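Number of protein chains: 2
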Amino acid sequence: MTHHRTRPDRGRSALGPALQLVHTGRAPTRAVLTAELGVTRATAGAVAAELQGLGLITVDARPAVAAGAQGRPSHRLAVDPGGPVVLAAQVHADGFRAALVGLGGTVVATAPGCGDVDPDPVRVLRQVVAAGVELLERTGRRCVGAGLAVPSAVAEPEGTALNPLHLAWPPGAPVRALFAECLADAGVTGPAPGAPALGHAANDVNLGALAEHRHGAGRGAQHLLCVATGHRGVGGALVLRGRLHTGSSGLALEVGHLTVDPQGRPCHCGSRGCLDVETDPLALLDAAGREPGPESSLLHQARELLRTGFPGDPAVRDAAHLLIDRLGLGLAGLVNILNPDRVILGGLHRELLRADPERLRAVIAERSLWGRSGEVPVLACSLEHNSLVGAAELAWQPVLDDPLLIQEV
Amino acid sequence: MTHHRTRPDRGRSALGPALQLVHTGRAPTRAVLTAELGVTRATAGAVAAELQGLGLITVDARPAVAAGAQGRPSHRLAVDPGGPVVLAAQVHADGFRAALVGLGGTVVATAPGCGDVDPDPVRVLRQVVAAGVELLERTGRRCVGAGLAVPSAVAEPEGTALNPLHLAWPPGAPVRALFAECLADAGVTGPAPGAPALGHAANDVNLGALAEHRHGAGRGAQHLLCVATGHRGVGGALVLRGRLHTGSSGLALEVGHLTVDPQGRPCHCGSRGCLDVETDPLALLDAAGREPGPESSLLHQARELLRTGFPGDPAVRDAAHLLIDRLGLGLAGLVNILNPDRVILGGLHRELLRADPERLRAVIAERSLWGRSGEVPVLACSLEHNSLVGAAELAWQPVLDDPLLIQEV
DNA sequence: CCGCTTTGTTCACCGCGCGCACAAAGCGAG
DNA sequence: CTCGCTTTGTGCGCGCGGTGAACAAAGCGG
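Line order of the protein sequences matches chains A and B.
Counting along the first sequence from 1, when you hit position 393 you're at 393 in the numbering used here, and nothing is skipped either side.
To convert a position in the second sequence, counted from 1, into the numbering used here, add 409.
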């Protein structure tokens, strides 16, 4: 063996950043691409041409609008709507979802979800991949990767799901490896033509945060904190400068066990009054004196309760206020530690924010240390299926880092 | 105006990374520099030659030891002990300290500390800078920057000290601007010859963490969490992939108000049982039934109490165990949120770790969620004046990012 | 219609880093 | 001691990505 190079020096170095700018909608024209990349117009032009040649973006010489603009109208850059896609999938307590997602976070095709609960991850993943393959065949799109969102912490770098309890899967299931295996069996290809796709897999809240950061309410944030509930428990995620912060072993932002009520109910973690058990859908139903239904409908039930009973029904109102106060306490703690410049809430937390935004913001402002931190914007998540789009982001990432991957041998 | 370039394309791009490798001791020879940079030997040689020409590193053709090594012995790369220095300073409750620090974190010269407490930051900073200038004149070294460590959160990007209470300074004092002003008045130069130095300033715990990461117990850590006490209160810091994480406005890692004892004593933050008031030196003295002395000696007093009374004195032992349990709870919470791969403790926390490491590690392992997180190494900080060295790191950073700065017009 | 402004493109040039050659410096076997 | 063997250091030609400055193009307004 002669010489091992870590940087294979593949092509233009500005190619990846340029594609990311178009992908996130921050480079609508070659002119702003030039400015954002900090290169000359010549280089930006060459880069755009190369991306166009790869079939990733389109250049439209006829701009629709040019109202009052000075000088020569610029050509419009956009993600190629007919370009390659990735297979994005999400498994959750209610079943799974599969879709094809193009650049720009656009969902190209969706498979009808399946509602079965199956304790065997391999069977589920086979179904997921089969649904994706069916979409690929029907649409005839080229696939350049696959990503999976899982309602569990995923350990890095192994890619094992540590607590997929809502899925009835065994703890420690090697979801990434299993997903990759199913993809290989089904012949799903990755960025490089012909080569099998890697099985990207990560936690669903993390992926939702990533999607919100790139295409949703988190756009432009430097340090984005997301907190969301499913049916049970609370998840968190942090996006730092555009990259997901998963910690050294993928277990960061396990925010469920922050203490938000010293006198609260006991938690399986050994403490009491944890965010997990004090602000999830079950906690709302409990506080409002409602009988909880089956686990896989808790979020629905709590949501409906809020929609119909807030602020009219005093029991619902008091229960919501209680949860908002506790959530605010937990968020204030996180703000003190992470100092994000934006906070996005999902699941029931989003509904709590919608119900009484002033109260939540007031609690956070009061309990976070410095006035300025208290002014951190708290927003509702804005993407329909942000975990799914986030799974697609994961799959797109290698191409976003090096677009030439999709044409290599 | 013609064209604005963001990247001035100054020289070799690998120059900065190479200097950082030598600076942190990760590139003792040209051979490993080649491997670490991922370039060819030719390029690494050219880079080393350029850094040598800048007077930043030395190349020693005669290696001292070559025991049992195969092949041609490699030349040794090292930081130039006679190279430029930065002015590093630290202000604290007991006064201030000033020093000259070269590359590699080596303290070249130290000024005798001054123990005065002065409510006027400008007077203090003038003294600090005067002490530094005296050192520069005495040693005749070239100064390429200045950094200051402050026992207060420093807001970004303003550079104001939000709560310099231990210094009796007014909250919100613009330390960075004041420091820069004093430096300019004294004629202290920055990286570019002739140009005045920027006044780099940051929180002391943050800077201590940075120093530990580059030259101390944190070397090689990907995600390093540091927690330390002064005389009162608790500070935290996080180093992510070699860069300090200060959050979006410099207020990250305000860990003092994590709840570690729901029934604990009230804190000025409005809650009770905060890490701040439950694990600082005053808390130990209180728990052991000792009368606290003056504020500026609390750390000393608590340290001595532990050294002499642990584990012999039952009151001291119980008090220490209590603090260890609470500290462990707080650290477990932080580990759950940040998932670091190493934790370093300073101040009284370091002494608590020394006193009973097993107990502390057991608490963290028990309360952090996943077994693997519980195995995160918890170490004592290892540098004598880590805040001072960290202040120097801050000042060196521009040069580490672009070594050619020190020769530009 | 001609300036003005901004955008896109062409082209010569330049410097960084590669790849390869060869030299240098130790070690060990014969 | 000499001859391989291994690893490290260096000189040289070259490719290529990006610059910079030209020119062309495309609207707008007087």
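For every residue, glycine included, the Cβ atom is placed at its ideal position computed from N, Cα and C.
None of these values were measured; they are calculated from a predicted model.
Rounded C-alpha distance that separates residue i from residue j
i: B:Ala819; j: B:Gly682; result: Only positions 410 to 818 of chain B appear in this structure, which leaves residue 819 of chain B out of reach.
i: B:Pro493; j: B:Val798; result: 15 angstroms
i: A:Ala48; j: A:Asp60; result: 12 angstroms
i: A:Arg97; j: A:Val107; result: 12 angstroms
i: A:Val39; j: A:Pro262; result: 55 angstroms
i: A:Val378; j: A:Leu198; result: 35 angstroms
i: B:Asn795; j: B:Leu814; result: 26 angstroms
i: A:Arg265; j: B:Val526; result: 48 angstroms
i: A:Glu351; j: B:Arg759; result: 44 angstroms
i: A:Leu353; j: A:Leu258; result: 19 angstroms
i: A:Leu253; j: A:Glu358; result: 25 angstroms
i: A:Val86; j: B:Ala555; result: 50 angstroms
i: B:Ile733; j: A:His215; result: 45 angstroms
i: B:Leu691; j: B:Asp613; result: 20 angstroms
i: A:Arg30; j: A:Ala392; result: 26 angstroms
i: B:Leu809; j: B:Pro600; result: 11 angstroms
i: A:Glu134; j: A:Leu125; result: 14 angstroms
i: A:Gly494; j: A:Pro294; result: Since the displayed chain A opens at 1 and closes at 409, residue 494 of chain A lies outside it and no answer follows.
i: A:Ala221; j: A:His23; result: 16 angstroms
i: A:Leu338; j: A:Arg72; result: 45 angstroms
i: B:Arg716; j: B:Glu565; result: 39 angstroms
Min CB distance residue i to chain A below 9 angstroms
i: B:Trp578; result: no
i: B:Val808; result: no
i: B:Ser483; result: no
i: B:Gln429; result: no
i: B:Leu788; result: no
i: B:Gly387; result: Look at the range of chain B in this structure, 410 to 818, and you will see that residue 387 of chain B is not part of it.
i: B:His632; result: yes
i: B:Pro749; result: yes
i: B:Ala637; result: no
i: B:Gln672; result: yes
i: B:Arg535; result: no
Limits of the beta strand (DSSP E) - the one that residue i falls within
i: A:Val150; result: Cys143 to Val150
i: B:His501; result: Val494 to His501
i: A:Leu238; result: Val234 to Leu240
i: A:Asn163; result: Element bounds for A:Asn163: n/a, residue is neither H nor E.
Nearest residue (CA-CA) to residue i, options the options
i: B:Asp489; options: B:Gly513, B:Thr688, B:Phe505 and B:Ser483; result: B:Gly513
i: A:Gly242; options: A:Val128, A:Val101, A:Ala211 and A:Gly309; result: A:Ala211
i: A:Cys226; options: A:Pro294, A:Ser249, A:Ser152 and A:Asp341; result: A:Asp341
i: A:Ala201; options: A:Arg41, A:Thr58, A:Asp325 and A:Leu148; result: A:Leu148
i: A:Gly256; options: A:His245, A:Ser248 and A:Gly270; result: A:Gly270
i: A:Thr110; options: A:Thr308, A:Gly172 and A:Glu384; result: A:Glu384
i: B:Ala508; options: B:Gln536, B:Arg485, B:Ala487 and B:His484; result: B:Gln536
i: B:Ser820; options: B:Ala577, B:Ala487 and B:Val553; result: Nothing about residue 820 of chain B can be reported from this structure: the residues present for chain B run from 410 to 818 only.
i: B:Ile753; options: B:Asp765, B:Leu428 and B:Leu647; result: B:Leu647
Extent of the continuous alpha helix (DSSP H) to which residue i belongs
i: A:Gly53; result: Arg41 to Gly53
i: A:Thr139; result: Pro121 to Thr139
i: B:Ile746; result: Pro723 to Leu747
i: B:His666; result: Careful: B:His666 lies outside any alpha helix (DSSP H) and carries neither H nor E.
Below-9 angstroms beta-carbon distance, residue i vs any chain B residue
i: A:Ile364; result: no
i: A:Val255; result: yes
i: A:Leu369; result: yes
i: A:Gln90; result: no
i: A:Asn336; result: yes
i: A:Cys269; result: yes
i: A:Gly16; result: no
i: A:Thr259; result: yes
i: A:Ser248; result: yes
i: A:Arg26; result: no
i: A:Gly155; result: Note on identity: in this sequence residue 155 of chain A is Ala, with Gly being the wrong assignment. At least one chain B Cβ lies under 9 angstroms of A:Ala155.
i: A:Gly199; result: no
i: A:His245; result: yes
With contact counted as at least three CB pairs below 8 angstroms, one residue from each stretch, are the stretch 309-322 of chain A and the stretch 170-179 of chain A in contact? Judged by Cβ distances under 8 angstroms, the stretch 309-322 of chain A makes no contact with the stretch 170-179 of chain A, as fewer than three pairs qualify.
Okay, do the stretch 216-235 of chain A and the stretch 128-142 of chain A touch, 3+ Cβ pairs below 8 angstroms being the bar? no
Are at least three pairs of beta-carbons, each pair with one atom in the stretch 326-337 of chain A and one in the stretch 363-370 of chain A, less than 8 angstroms apart? A contact exists between the stretch 326-337 of chain A and the stretch 363-370 of chain A.
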